[in-house]
Amino acid sequence: MPISRFLFFSSKHRFRQPLNLIRRFDLSKRTQSCSYTKSSRQSHRNPADYFLSPQETKASRSWSTYVIPAGGLLGLAGIATFVHYNDERRAVRKGQGENSGPNRVTGPIIGGPFTLIDTENRLVTENNFLGNWVLLYFGYTSSPDVGPEQVQMMAKAIDILDSKKNLKILPIFVTIDPQRDTPAHLRAYLKEFNSRIVGLTGPVGAIRQMAQEYRVFFKKVEDEGDDYLVESSHNMYFMNPSLEVVRCFGVEYTAEELAEEISKEMKKAST
Amino acid sequence: MAALEAYASRNADEVHTDVLLKARQACYKSRDAFYDCLEKESNKKPTEIASVGLLYPAECKALRAQFVNHCRASWVKHFDRLYCKNKRVRRLLDDGGETRRAELKRSVLPN
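Protein sequences, first through last, are from chains U and C.
The first sequence lines up with residues 1 to 271 when you count with the UniProt record's numbering.
The second sequence lines up with residues 1 to 111 when you count with the UniProt record's numbering.
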């Protein structure tokens, strides 16, 4: 019965072990229990060896029995270094966020360069938007409910800021469904909300790269012939004139709250 | 760069009018009409099949046809799924978790 054996051996070694422990470590329960299991495991091995050893000496210990575990270890080490190198390559530096709040971006630097096509079929890069406060939203026009709601909220917030607070910010809508959202279609779609919203699209590769830089998740779901929906993380990024993300807003904000928070940010930056 | 030029040059002038404002509003209206009918006739036996497991009584058949007509197929499925989820949540809330507690008691207690 292995259980009784375990108890017997662990009780035998209990007298010897605490002395060593008191000498070396403080009496933390964890180290004690570790040493108990280790000692019981060792004591397990010794009687078993007595039975095995006569047979083992007969069989020739070829060097292959050493090579295979060593090779396995080397393989594991190789895989570990590869994974580590890969992580280093893909790692993003942590940004230096001076203020800490619930929505402050203090983690990896969000954002980066991009090259896309706007609704007039012109090539634009992020340099075209430098010097403006930018509200960036990643969406697609074929969204059944959340997309239009978010763009509507963006448009209303822009209006509130324009009229009441006299603060001008630039809203940008980047489509995550570039295959269906052509520039002309984007223009027609966004015109209905607010003529100031800039629409950006482009080839799938460019969009995917920008989405990765801005940490936006999007995925095509449920294909129905030509029709499909795109799941995405609905976040609006608010960026300062040097195009650094200062705040992100989720779907829980209303237009008034959005306008309020945006004006707060801009006032803070100008002081 | 070349990919961008190619994208711009490809004939990309079509506008999908079925996601623009008017079409969206028509879709929402017909969707609300259909689901209101479902609520009204909730005591009747659901015999027709909608999509993603939603069933509805035959009285709402005409409204269903209109709903499917005005909205994209993927949107119809999306709204049906949302409706089922809401209905389940509402049923759980109304119940107060009574049926679930009874089930748990029966399964957990040893006998």
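Ideal Cβ placement from N, Cα and C applies to all residues, glycine included.
Note that the coordinates shown come from a computational prediction; the quantities given were computed from them, not determined experimentally.
Looking at the C-beta of Leu54(C), does it have a partner C-beta in chain U at a distance below 8 Å? For this step, residue 54(C) is matched to residue 54 along the second sequence. For Leu54(C), no Cβ of chain U is located within less than 8 Å of the residue's own Cβ.
Can you list, in chain order, the residues of its chain whose CB lies under 6 Å from that of Thr175(U), leaving out five sequence neighbours each side? The residue labelled residue 175(U) in the question sits at position 175 within the first sequence. Around Thr175(U): Tyr140, Asp181, Thr201.
Go through its chain and collect everything with a Cβ distance to Asp18(C)'s Cβ below 7 Å, but skip five positions before and after it. Against the second sequence, residue 18(C) aligns to sequence position 18. So the list reads Arg72, once near-sequence residues are dropped.
For residue 280(U), write down the residues that DSSP places opposite it in a beta bridge. Only positions 1 to 271 of chain U appear in the structure, and residue 280(U) is not among them; the question remains open.
Which word fits Ile49(C), buried or exposed, when buried means at least 16 other C-beta atoms lie within 10 angstroms of its C-beta? As a working mapping, residue 49(C) is identified with position 49 in the second sequence. Label assigned to Ile49(C): exposed.
Assumed close pair Leu161(U), Ser263(U) - CB separation to whole angstroms, cut-off 8 Å: Translated into positions along the first sequence, residue 161(U) becomes position 161. Translated into positions along the first sequence, residue 263(U) becomes position 263. About 7 Å; that satisfies the 8 Å criterion.
Whole-angstrom distance between Gly111(U) and Met210(U), CA atom to CA atom: Residue mapping note: residue 210(U) aligns to position 210 of the first sequence, counting from 1. Residue mapping note: residue 111(U) aligns to position 111 of the first sequence, counting from 1. So the alpha carbons of these two residues sit roughly 8 Å apart.
Locate the alpha helix (DSSP H) running through Phe79(C), then write down its first and last residues. If you number the second sequence from 1, residue 79(C) lands on position 79. Here the alpha helix (DSSP H) through Phe79(C) covers 73 to 95.
Glu260(U) and Val246(U): beta carbons closer than 8 Å? Locating residue 260(U) in the first sequence gives position 260, where the first residue counts as 1. Locating residue 246(U) in the first sequence gives position 246, where the first residue counts as 1. Pairing Glu260(U) with Val246(U) gives a Cβ-Cβ distance that is not under 8 Å.
Which chain U residues are close to His70(C), counting only those with a beta carbon under 8 Å from its beta carbon? Your numbering for residue 70(C) matches position 70 in the second sequence. Contact of His70(C) with chain U by beta-carbon distance below 8 Å is absent, the smallest such distance being about 12 Å.
Name the chain U residues that come within less than 7 Å of Leu20(C), Cβ to Cβ? Taking the first residue of the second sequence as 1, we reach residue 20(C) at position 20. Simply Ala188, Tyr189, Glu192.
Nearest by alpha-carbon distance to Leu63(C): which of Glu14(C), Cys37(C), Leu92(C) is it? Mapped onto the second sequence, residue 63(C) falls at position 63. Taking Leu63(C) as reference, the option from Glu14(C), Cys37(C), Leu92(C) with the minimal CA-CA separation is Cys37(C).
What is the DSSP secondary structure of Pro171(U), counted as helix, strand or coil? The sequence position of residue 171(U) within the first sequence is 171, counting from 1. Pro171(U): strand per DSSP, three-state reduction.
When DSSP labels each residue in this structure, what does Leu161(U) get in the three-state scheme? Position 161 of the first sequence holds residue 161(U). Here Leu161(U) sits in helix by DSSP.
Is the stretch 228 to 245 of chain U touching the stretch 130 to 145 of chain U, taking contact as three or more C-beta pairs under 8 Å? A contact between stretches requires three or more CB pairs, one per stretch, nearer than 8 Å, and the stretch 228 to 245 of chain U meets this requirement with the stretch 130 to 145 of chain U.
Going by the beta-carbon positions, is the gap between Ile197(U) and Phe173(U) smaller than 8 Å? As a working mapping, residue 197(U) is identified with position 197 in the first sequence. As a working mapping, residue 173(U) is identified with position 173 in the first sequence. Yes, the Cβ-Cβ distance between Ile197(U) and Phe173(U) is below 8 Å.
Return helix, strand or coil for Val221(U), following the three-state DSSP convention. As a working mapping, residue 221(U) is identified with position 221 in the first sequence. In the displayed model, Val221(U) falls within a strand according to three-state DSSP.
Which residues of the stretch 228 to 248 of chain U have a Cβ closer than 7 Å to any Cβ of chain C? Give them in chain order. Listed by position, the residues of the stretch 228 to 248 of chain U near chain C (Cβ gap below 7 Å) are Tyr228, Leu229.
Any beta carbon from chain U within less than 8 Å of Phe67(C)'s own beta carbon? The residue you call residue 67(C) lines up with position 67 of the second sequence. Any Cβ of chain U closer than 8 Å to the Cβ of Phe67(C) would place that residue at the interface, and such an atom is absent.
Mind checking whether Glu222(U) and Ser74(C) have CB atoms under 8 Å apart? Locating residue 222(U) in the first sequence gives position 222, counting from the first residue. Locating residue 74(C) in the second sequence gives position 74, counting from the first residue. Yes, Cβ-Cβ distance for Glu222(U) and Ser74(C) is below 8 Å.
Please name the residues in the stretch 249 to 264 of chain U whose beta-carbon is closer than 7 Å to at least one beta-carbon of chain C, in chain order. Among the residues of the stretch 249 to 264 of chain U, none has a Cβ less than 7 Å away from any Cβ of chain C.
Assign Thr65(U) to one of three DSSP states: helix, strand, or coil. Position 65 of the first sequence holds residue 65(U). Taken through DSSP and simplified to helix, strand or coil, Thr65(U) comes out as helix.
Proximity to Ala255(U) [Cα-Cα], best of Gln179(U), Met154(U), Gly72(U), Gly131(U): For the purposes of this step, residue 255(U) is taken as residue 255 along the first sequence, with counting starting at 1. Closest by C-alpha distance to Ala255(U), out of Gln179(U), Met154(U), Gly72(U), Gly131(U), is Met154(U).
Three-way DSSP call (helix, strand, coil) for Ser263(U) in this model: Along the first sequence, read from residue 1 onward, the residue named residue 263(U) stands at position 263. Three-state result, Ser263(U): helix.
Restricting to Cα atoms, I'd like to know which of Pro69(U), Leu258(U), Asn127(U), Val83(U) is closest to Tyr237(U). Counted from its first residue, the first sequence places residue 237(U) at position 237. Comparing Cα-Cα distances from Tyr237(U) to each of Pro69(U), Leu258(U), Asn127(U), Val83(U), the minimum goes to Leu258(U).
Of all the residues that make up the stretch 173 to 187 of chain U, which are near chain C by a beta-carbon distance shorter than 7 Å? Answer in chain order: Arg180, Thr182, Pro183, Ala184, His185.
Spatial distance of Lys45(C) from Arg24(C) (CA atoms): As a working note, residue 45(C) is residue 45 in the second sequence. As a working note, residue 24(C) is residue 24 in the second sequence. Lys45(C) and Arg24(C) have their C-alpha atoms spaced approximately 31 Å apart.
Sort out for me which residues DSSP pairs Arg247(U) with in a bridge. Taking the first sequence and counting its residues from 1, the one referred to as residue 247(U) is at position 247. DSSP output for Arg247(U) lists Phe238(U) as bridge partner(s).
Starting from Leu54(C) and walking both ways along the beta strand (DSSP E), at which residues does that stretch end? By one-based count along the second sequence, residue 54(C) stands at place 54. The continuous stretches of beta strand (DSSP E) do not include Leu54(C), and DSSP gives it neither H nor E.
Return yes when the Cβ of Phe82(U) is within less than 8 Å of the Cβ of Ser232(U), no when it is not. For the purposes of this step, residue 232(U) is taken as residue 232 along the first sequence, with counting starting at 1. For the purposes of this step, residue 82(U) is taken as residue 82 along the first sequence, with counting starting at 1. Going by C-beta atoms, Ser232(U) is not nearer than 8 Å to Phe82(U).
Relative to the C-alpha of Leu136(U), which candidate in Phe114(U), Pro203(U), Gly78(U), Tyr66(U) has its C-alpha closest? Within the first sequence, the letter at position 136 stands for residue 136(U). By alpha-carbon distance to Leu136(U), the top candidate from Phe114(U), Pro203(U), Gly78(U), Tyr66(U) is Phe114(U).
Chain-order list of residues whose beta-carbon lies under 7 Å from that of Lys29(U) (same chain, five-residue window excluded): In the first sequence, residue 29(U) corresponds to position 29, counting from 1. Residue placement at Lys29(U) is flagged as unreliable, the pLDDT there being 48, under the threshold of 50; the coordinate-derived value follows with that caveat. If we look at Lys29(U) and ignore the five residues flanking it on each side, it has no Cβ neighbours.
Using the beta-carbon count (16 or more within 10 Å), is Gln42(U) buried or exposed? The residue given as residue 42(U) occupies position 42 in the first sequence. With a pLDDT of 46 at Gln42(U), under the threshold of 50, the modelled position of this residue cannot be trusted; read the value that follows with caution. Exposed.
State yes or no: is the C-beta of His70(C) within less than 8 Å of the C-beta of His185(U)? Looking up residue 70(C) in the second sequence gives position 70. Looking up residue 185(U) in the first sequence gives position 185. Not in contact: His70(C) and His185(U) (Cβ atoms no closer than 8 Å).
Rounded C-beta distance between Pro241(U) and Gly75(U)? I'm assuming under 8 Å. The sequence position of residue 241(U) within the first sequence is 241, counting from 1. The sequence position of residue 75(U) within the first sequence is 75, counting from 1. About 52 Å; that fails the 8 Å criterion.
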